[in-house]
Amino acid sequence: MHKRLLIPGPTEVSAEMLREQVRFMIGHRSKEFTELYTGIIEKLKRFFQLPNDYKAAVTTSSGTLWFDIVGRSIVKEKALVCANGAFSERFGKAIEDCGKKVDFLKAEWGKAIKPDMIAEKLGSEEYDTLALCHNETSTGVRNPIYEIGKMVRREYPSVMIAIDSISGMVGDKTLPSEIGCDVIFASTQKCFAIPPGLAVGFVSDRILERAREVPNRGLYTNLVRIFDYYEKKHQTPFTPNIPLLYALDKRMRLLLEETHEGVYQRHKTMAEYTQKWAKKHFALFAESGYESITVTCVKNTLGKSVKELNEKLEERHLMISNGYGRLAEQTFRIGHMGEWDLAGIKEALWHIDDIWGLEK
Ligand SMILES: Cc1ncc(COP(=O)(O)O)c(C=O)c1O
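Under this note's numbering, the first residue of the sequence shown is numbered 1, with each subsequent residue one higher.
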């Protein structure tokens, strides 16, 4: 039985988008492929308003590949990693596993990382890279990346800023040059609302120059190779997932019609409604003022069983998510991203009210 996914990824994918993938195969060194891929890159550049000193790429991988790209191709010696949840902790661990030094700037799960916390740490030691997560899917916290970017560019201009916006990009405002970041990336199964298997990344020219100086970049994780290949051939260095690229091309056409601002406003409306609902019956896990606009993490103050809820929701073709990792019992999460709209969210929350007997 199909369940509409209100989990924070993979999110719901429409039949229209699924059908986009069903086409005869083309060679990835053909003219048709170059047209498809350059078309996607151009659309990404338009949607994310990339100036000339930024570039876009799509990798056939989930978003996590970009943790390794940062670890292998970007960090020269030592990174400062902001960790306030499961994914940002993993980001730091990945960089360490690539053989680079890492210092963690930790905040309690549920709290945001603020520019002054970063400024203090960057001022105390030599770091070449700052890594952080925009939208901590495990806690529903949205870190203030615009303020952080501005501060770091102003006070520590040689530090490269690497951002995991895997569950934020598209739904939330993520304009790389306005943030002032050097690399930002996302997976397609989140707000792009197509199936998992691709990741989108944006890089600044200056980070590409840095990457050229970093030894042992690996093969699949070699940022320079990805962009040099595109420069030369307008294709990907390795065989990409062509069916997913068809879907991404269509998604980018739809997103451009809706506009970056329009998509953001739709997500903001869904988030505000869900947050209000959560506060009426439970409480929010995220620090006030730093709530994600793509996933709401609810403190399960009533001790409800999410497993039992999901069993009942299944009959109504819906599914939400329990808490992540060590927050599994204390919280549950509602992902309002991708193709969802306010009417859909209202209906889904009505069903939860109905099953749990909450006041409507
Ligand atoms: C913030 C964040 N980072 C990283 C990941 C891992 O992404 P992927 O599974 O696409 O590799 C996720 C997935 O949920 C995420 O939400």
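Glycine residues also receive a C-beta, built at the ideal position from the N, C-alpha and C atoms.
| Item | Value |
| --- | --- |
| Taking the runs of the alpha helix (DSSP H) that are 4 residues or longer, which of them lie wholly in the region 172 to 201? | 176 to 179 |
| Taking P196 as the reference, give the member of V263, M17, H2 and K3 with the closest Cα. | M17 |
| Would you identify the three-state DSSP class for E231, choosing helix, strand or coil? | helix |
| Can you give the Cα-Cα distance for R210 and D172, rounded to whole angstroms? | 28 Å |
| How far does the beta strand (DSSP E) with Y54 in it reach, from first residue to last? | Y54 to T60 |
| According to DSSP, which residues form a beta bridge with L5? | M319 |
| Using a Cβ distance threshold of 8 Å, determine whether the region 154 to 169 contacts the region 121 to 140, with at least three qualifying pairs required. | yes |
| Can you give the beta carbon distance from L198 to L244, rounded, assuming they're within the 8 Å contact cut? | 5 Å |
| Quick check: what's the CA-CA separation for R142 versus Y37? | 31 Å |
| Alpha carbons only, please: which of C297, I345 and K279 is nearest the one belonging to L318? | I345 |
| Could you tell me whether any non-hydrogen atom of ligand 1 is closer than 7 Å to the CB of C191? | no |
| At what residue ranges does the region 228 to 268 contain a whole run of the beta strand (DSSP E), taking only runs of 3 or more? | none |
| Measuring CA to CA, which of M151, A107, Y156 and Q189 is closest to V13? | Q189 |
| Got a sec: does ligand 1 put a non-hydrogen atom nearer than 7 Å to the Cβ of F202? | no |
| Evaluate K233 with the Cβ neighbour count: other Cβ atoms within 10 Å of its Cβ, from every protein chain shown; 16 or more gives buried, anything less gives exposed. | exposed |
| Which term fits F332, buried or exposed, when burial requires 16 or more other beta carbons within 10 angstroms of its beta carbon? | buried |
| Going by the beta-carbon positions, is the gap between E291 and L302 smaller than 8 Å? | no |
| For R46, collect the residues of the same chain with a Cβ closer than 8 Å to its Cβ; drop the 5 residues on either side in sequence, then sort them by chain order. | L256 |
| Excluding the five sequence neighbours on either side, which residues of its own chain have a C-beta within less than 8 Å of the C-beta of V224, listed in chain order? | S73, L208, A211, R212 and R217 |
| Suppose only complete runs of 4+ residues qualify. What are the alpha helix (DSSP H) ranges in the region 19 to 78, listed by chain order? | 31 to 47 and 65 to 69 |
| For the pair the region 295 to 310 and the region 147 to 160, tell me if three or more CB-CB distances fall below 8 Å. | no |
| Since V152 is in the alpha helix (DSSP H), which residue starts that stretch and which ends it? | I145 to E155 |
| L44: which of K100, L175, M160 and H28 sits nearest, CA to CA? | L175 |
| Can you tell which of T221, L248, Y54 and A56 has its C-alpha closest to the C-alpha of Q21? | L248 |
| If you compare alpha carbons, which of E89, E96, G99 and T236 is closest to L105? | E89 |
| Does the distance from the CB of H336 to the CB of T274 come in under 8 Å? | yes |
| DSSP on S88, reduced to helix/strand/coil? | helix |
| Who are the near neighbours of E77 in its chain, counting only those whose CB is closer than 7 Å to its CB and skipping five residues on each side? | K100, K101 and D128 |
| Does the Cβ of K276 have 16 or more other Cβ atoms within 10 Å, making it buried, or fewer, making it exposed? | exposed |
| What I want to know is whether the C-beta of F238 ends up closer than 7 Å to one or more non-hydrogen atoms of ligand 1. | no |
| Is the beta carbon of V180 less than 8 Å from the beta carbon of G149? | According to the sequence shown, residue 180 is Gly rather than Val. It is a contact, given that the beta carbons lie within the stated cut-off. |
| Taking 7 Å as the cut-off, does the CB of I166 come closer than this to any heavy atom belonging to ligand 1? | yes |
| Quick check: does the Cβ of N300 come within less than 7 Å of any heavy atom belonging to ligand 2? | The ligand content of the structure shown is limited to ligand 1, which means ligand 2 is not among them. |
| If you draw a straight line from the C-alpha of L349 to the C-alpha of K121, how long is it? | 42 Å |
| Please classify R182 as buried or exposed, where buried requires at least 16 other C-beta atoms within 10 Å of its C-beta. | It is Asp, not Arg, that sits at residue 182 in the sequence shown. Buried, because 16 or more other Cβ atoms sit within 10 Å of the Cβ of D182. |
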